[in-house]
Amino acid sequence: MSGISDAELRDMTQEERVNALGMTTEQLTGKSLYIEFDPDAQERFTYPWAPDVDFNKRTEFDAGDLTNTEVNARIRDLMAEGYGTIVLQNPRGKHSLAVGILSRLNLIIEGSTGYFGVGLIDGPNVRINGRVGWSCAENMMSGTVVVEKNAGSTFGAAIRGGDLVCRGSVGSRTGIDMKGGTIIVGGDTGALSGFMMQRGRMVVCGNAGKNLGDSMYDGTIYVGGEIRSLGVDAVTAYLTKLDKDWLTRKLTQYGLMPGRGVDHFTKIVAGKQLWNYDNLEPNEKKLIL
Amino acid sequence: MAGTQYRGSDIKDVDQFIKDAAGLESEREKEIGQHIGYRYDVNLVPDHDRLTPFLRNYMEFMGWDDLNWLEDVHMGYEEGKPAVFDRNVNGWVRIPDSIDLPDNQQDRDMIARELLLKFQMSDRHPLVTLRKAYTKF
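Protein chains in written order, with the working numbering: chain A, 492 to 780; chain B, 611 to 747.
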């Protein structure tokens, strides 16, 4: 790999690049990485390919007459020019806005977005001064997203990291299949929130709909209001001092700390009754037959 | 049989999976020859009093008030060795023997976060090669 320059790679077809870098010669199944950390690794905070942006360099543009693809390309171009704070005017409810941002950035969206907004992001701090449609911040990796009004269903679907905050209420299936990160809802959340949750934390300051945490594998849900019903294998747990400290810090950070504190929150975790493993099945089938 | 009760074992000791690499404690785990569940507490929220200076600098650089995605990073254990799961390569990255492990999980998690962050941002991370192979010039 080290013998091939970027210029040589640029002149190759993708298939030639893949072969030249040895990507197709490695065994892909049953592979253990056996990589070890370098304790003397250089201290850096961005990916090698991330644009060098300055939070103090600010610009804004009007998205009203642009397609969503053009808006996303514009954001990338501005980041390449070093802009670290971008204000997006007139989003007009377009879908898939500001997706795939893999660097630090302050992004302010002045209005509402459609579905799958700010999906697949890894690092930026986004404020949306409006409402959002379905699946906001789907597959988010890191960063912060704050929605000032309400959000649609599947808010934070499959989120893996970062803080996703809705100051208003959200629809059903909030945090479905979430694998990490924190979802905070200032108001209420709909039915089947936390469905198939695998890890991460969800905080609902208001009420939660039916079947909360249904089939959750792991992770934690904190609810400040009423819970209509718990889903299969979701159980209440003891709220520890560490939980209370974490809740206090997180809710204070986003201006959502209830006046009466956090002691009234109910903590929900997986009962682990549904944990199953493939190699259990042959024995179970023998018992049944 | 599954779906009637939890059949795994509990984590009782910070060194449990270093002393017992297989992690087979409960009857069910011994029966199936496989540890059930994670080998660390995925729900352990970080104690901010234990942040390292490097992590504080990273938070400030990114414009975050807390650890953000690193809240989900913990020190785990692979084949009896301390390791950290890197979601970007979908595999475990091992802690070198030269690093002394603290006697509690909170401080170990802070070390794990620092090492993983440096690794992910370095030129030796597998994503760098992957990007070279598949990027659109």
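Just so it is clear, CB atoms sit at the ideal spot from N, CA and C, and this is done for glycine as well.
Three-way DSSP call (helix, strand, coil) for residue i in this model
| i | result |
| --- | --- |
| MET611 of chain B | Because the pLDDT of MET611 of chain B is 40, which lies under 50, any placement of that residue in the model is unreliable, and the question is left without a value. |
| TYR744 of chain B | helix |
| GLY618 of chain B | coil |
| LYS735 of chain A | helix |
| TRP702 of chain B | strand |
| PRO539 of chain A | coil |
| LYS701 of chain A | coil |
| GLN730 of chain B | helix |
| ASP502 of chain A | coil |
| PHE546 of chain A | strand |
| VAL753 of chain A | coil |
| ILE759 of chain A | strand |
| GLU507 of chain A | helix |
| THR743 of chain A | helix |
| GLU688 of chain B | strand |
| ALA642 of chain A | strand |
| THR665 of chain A | coil |
| TRP766 of chain A | coil |
| ASP676 of chain B | coil |
Whole-Å CB distance - residue i paired with residue j, under 8 Å assumed
| i | j | result |
| --- | --- | --- |
| MET570 of chain A | SER594 of chain A | 6 Å |
| ARG759 of chain A | GLY704 of chain A | Note that residue 759 of chain A corresponds to Ile in the displayed sequence, not to Arg. Yes, they are in contact, since the Cβ atoms of ILE759 of chain A and GLY704 of chain A sit about 5 Å apart, within 8 Å. |
| ASP734 of chain A | VAL655 of chain B | 7 Å |
| ARG660 of chain B | GLN716 of chain B | 5 Å |
| ILE674 of chain A | PHE646 of chain A | 7 Å |
| ASN669 of chain A | ALA682 of chain A | Here residue 669 of chain A is Met; the residue named in the question, Asn, does not match the sequence. With 8 Å as the limit, MET669 of chain A and ALA682 of chain A do not qualify as a contact, their Cβ atoms being about 16 Å apart. |
| GLY573 of chain A | ASP545 of chain A | 6 Å |
| SER626 of chain A | GLY602 of chain A | Not confirmed; about 18 Å, so no contact. |
| LEU598 of chain A | LEU579 of chain A | 7 Å |
| LYS596 of chain B | GLU534 of chain A | Within the shown structure, residues of chain B are numbered from 611 to 747, placing residue 596 of chain B beyond reach of any answer. |
| ALA532 of chain A | SER619 of chain B | Their Cβ separation, rounded to whole angstroms, is 35 Å, which puts ALA532 of chain A and SER619 of chain B out of contact at 8 Å. |
| ASP679 of chain A | SER660 of chain A | 4 Å |
| GLY716 of chain A | GLY685 of chain A | That pair is no contact at about 15 Å. |
| VAL714 of chain A | VAL695 of chain A | 5 Å |
| TYR745 of chain A | VAL676 of chain A | Between VAL676 of chain A and TYR745 of chain A the Cβ distance is about 11 Å, and since that is not below 8 Å, they are no contact. |
| ASN581 of chain A | GLY621 of chain A | Not quite, the Cβ-Cβ distance comes to about 11 Å (not below 8 Å), so this is no contact. |
| LEU711 of chain B | ARG704 of chain B | Not quite, the Cβ-Cβ distance comes to about 12 Å (not below 8 Å), so this is no contact. |
| ARG692 of chain A | THR711 of chain A | 5 Å |
| ILE619 of chain A | THR635 of chain A | Wrong, their Cβ atoms sit about 11 Å apart, outside the cutoff. |
| ASP676 of chain B | ARG740 of chain A | 7 Å |
Range of the contiguous beta strand (DSSP E) that encloses residue i
| i | result |
| --- | --- |
| ASN653 of chain B | No beta strand (DSSP E) holds ASN653 of chain B; DSSP gives it neither H nor E. |
| MET693 of chain A | 690-695 |
| VAL714 of chain A | 711-714 |
| GLN683 of chain B | Sequence check: residue 683 of chain B is Val here, not Gln. No beta strand (DSSP E) holds VAL683 of chain B; DSSP gives it neither H nor E. |
Unbroken alpha helix (DSSP H) run spanning residue i, endpoints
| i | result |
| --- | --- |
| ILE800 of chain A | The first residue shown for chain A is 492 and the last is 780, placing residue 800 of chain A beyond what the model contains. |
| GLN644 of chain B | Neither: GLN644 of chain B is in no alpha helix (DSSP H) and is coded neither H nor E. |
| ASN559 of chain A | 559-571 |
| PHE664 of chain B | 663-672 |
| LYS691 of chain B | Segment 691-696 is the beta strand (DSSP E) holding LYS691 of chain B; no alpha helix (DSSP H) there. |
| ILE718 of chain A | That residue, ILE718 of chain A, is in no alpha helix (DSSP H); it is neither H nor E in DSSP. |
| GLN533 of chain A | Segment: none, GLN533 of chain A is in no alpha helix (DSSP H) and carries neither H nor E. |
| PHE627 of chain B | 626-629 |
Sheet register partners of residue i (DSSP bridge)
| i | result |
| --- | --- |
| SER633 of chain A | A:ASP613 |
| MET674 of chain A | The sequence shown places Ile at residue 674 of chain A, rather than the Met named in the question. Answer is A:LEU655, A:MET693. |
| GLN580 of chain A | A:ASP553, A:GLU601 |
| GLU527 of chain A | B:ARG704 |
| ARG618 of chain A | A:ILE599, A:VAL637 |
| THR727 of chain A | A:ILE759 |
| TYR574 of chain A | A:ASP545 |
| VAL738 of chain B | For VAL738 of chain B, which the question treats as bridged, DSSP gives no partner whatsoever. |
Neighbour list for residue i in chain E, Cβ cutoff strictly below 7 Å
| i | result |
| --- | --- |
| ASN616 of chain A | This model lacks chain E altogether, as its protein chains are A and B. |
Closer than 7 Å, Cβ to Cβ, to anything on chain B: give me those residues from the region 641-664 of chain A, in chain order.
ARG651, GLY652, GLY653, ASP654
So if I threshold CB-CB distances at 9 Å, which residues from the region 669-701 of chain A count as touching chain B?
LYS670, GLY671, GLY672, THR673, GLN689, ARG690, GLY691, ARG692
At a CB distance below 8 Å, what residues from the region 571-603 of chain A approach chain B? Give them in sequence order.
ARG595, ASN597
Along the region 702-717 of chain A, where does the CB come closer than 9 Å to a CB of chain B? Name the residues.
ASP709, GLY710, THR711
Counting only Cβ-Cβ distances shorter than 8 Å, please list the residues of the region 657-672 of chain B near chain A, keeping chain order.
ASP657, HIS658, PHE664, ASN667, TYR668, PHE671, MET672
To be precise: take each residue of the region 523-541 of chain A, compare its Cβ to all Cβ atoms of chain B, and keep it if any distance is under 8 Å. Which residues remain?
Residues are counted here when their Cβ sits less than 8 Å from a Cβ of chain B; for the region 523-541 of chain A these are SER523, LEU524, TYR525, ILE526, GLU527, PHE528, ASP529, PRO530, ALA532, GLN533, GLU534, ARG535, PHE536, THR537, TYR538, PRO539, TRP540, given in chain order.
Members of the region 619-641 of chain A that neighbour chain B once the beta carbon cut-off is set at 8 Å:
MET632, SER633, GLY634, THR635
Chain A contacts made by the region 690-711 of chain B, where a contact means CB separation under 7 Å:
Against chain A - using a Cβ distance shorter than 7 Å - the residues of the region 690-711 of chain B are ARG697, VAL699, GLY701, TRP702, VAL703, ARG704, ILE705, PRO706, SER708, ILE709.
Members of the region 717-728 of chain B that neighbour chain A once the beta carbon cut-off is set at 7 Å:
Only those residues of the region 717-728 of chain B whose C-beta falls short of 7 Å from the nearest C-beta of chain A are listed: LEU725, LYS728.
Name, going along the chain, the residues of the region 746-763 of chain A whose beta-carbon falls closer than 8 Å to a beta-carbon of chain B.
VAL760, GLY762, LYS763
Positions along the region 639-656 of chain B whose CB lies within less than 9 Å of some CB in chain A:
Residues of the region 639-656 of chain B with a Cβ closer than 9 Å to any Cβ of chain A, in chain order: GLU641, ILE642, GLY643, GLN644, ILE646, GLY647, TYR648, VAL652, ASN653, LEU654, VAL655, PRO656.
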